[in-house]
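The structure appears right after this line, and notes come after that.
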Amino acid sequence: MAEMGALWFAIGEAVKSFWRHRFVAMLSIITIAGALFVLGFFITITLNLHSVLAGVQEKIAVELFLKDNITKVQVSSLMDEISKIEGVREVEFIT
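With the numbering used here applied, the sequence shown has no gaps in its numbers, which climb one by one up to 110 at the end.
Structure (structure tokens):
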């Protein structure tokens with residue numbers, strides 16, 4: 016029971032101290048709130064930027080134009096080479 020009395024005493028002293036030093040207490044609260052706001056802002060920006068970049072990365076497409084006199088063997092070899100590149104999901108040849 017003495018621990019509970021000590022807790023209430025500490026809370027009472029904190030309230031008295033806040034009341035006596037209102038300006039410093041409010042300045043501390045505003046500073047902490049501002050820091051938390053800035054932290055939240057940067058976390059939000061980072062997460063949104065990450066999701067936007069992930070979406071853009073999925074939509075990247077490269078078109079390659081070949082000369083008219085290329086053989087089917089050369090086309091097949093080129094397609095195999097391109098498909099071995101890391102990150103290439105699909106290789107399609109359109110005539």
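Just so it is clear, CB atoms sit at the ideal spot from N, CA and C, and this is done for glycine as well.
Note that this is a predicted model, so its numbers are computed, not measured.
Distance from the CA of I45 to the CA of F33, rounded to the nearest whole angstrom, comes to 14 Å.
Pairing L81 with V88 gives a Cβ-Cβ distance that is not under 8 Å. In the structure shown, F80 falls within a coil segment according to DSSP collapsed to helix, strand and coil. Considering only I100, T86 and I26, the residue with the shortest C-alpha distance to T110 is T86.
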